[in-house]
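Below is one structure, written out as structure tokens; the observations come after it.
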Amino acid sequence: MKALLKKLTQSETGYAALALRFPIGIIFIAHGAQKLFGWFGGYGLDGTGQWMESIGLAPGVLMALLAGSAEFFGGVFILLGLLTRPAAIALAGTMIVAIFSAHLSNGLFMSNNGYEFGLALLAASVSLAFSGAGKLALDSVISKKLV
């Protein structure tokens, strides 16, 4: 278990990942809060669940809870640099579902509710899954304690 945790938290990225972690973490936290709590103009679990049902993701409230939790808590973890790789993988999966279920049929551009924003978030998540949190992250503290 110690070896696995070491692999998950170790990163040689330096400070570069910080440039991704902060904005991506904030964006995911905000989107998750819309789904879970109705903050920032969101519809909360019931409203988001109804919309998810309407696009074929059922049961809607459960899907809203899963997507909202992945985004909110995954975003918090990304922002803190805590278990960054697993959080980034969960977020990448969430973006793949969003792209294919809600945005792909609308084309690329955001102006048509297309998939470009989801694709950018997917790319950032995949990048963090490969690189890890880098320096100035709780993963770095954990990794050093596991030596």
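Counting from 1, one number per residue, gives the positions in the sequence shown under this note's numbering.
Every residue, glycine too, gets a C-beta built ideally from N, C-alpha and C.
- N112 sits in a helix when the DSSP states are folded into three classes.
- Taking all protein chains in view, the Cβ of Q34 is crowded by 16 or more other Cβ atoms within 10 Å, so the residue is classified as buried.
- Residue F100 holds the alpha-carbon nearest to the alpha-carbon of I55 among A19, L45, F100.
- Remark: C-beta atoms of H103 and G93 do not approach each other more closely than 7 Å.
- Taking C-beta atoms under 8 Å as the contact rule, G132 and Q10 qualify, at a distance of about 7 Å.
- Closest by C-alpha distance to F130, out of M110, T84, S143, is T84.
- Residue state for L104 is assigned as helix, using DSSP reduced to three classes.
- For G68, the CB contacts under 6 Å within the same chain, skipping 5 residues up- and downstream, are G32, K35, L36 in chain order.
- In this structure L108 is in contact with E116, their Cβ atoms being roughly 5 Å apart against a cut-off of 8 Å.
- Between the alpha carbons of F40 and G25 lies a distance of about 16 Å.
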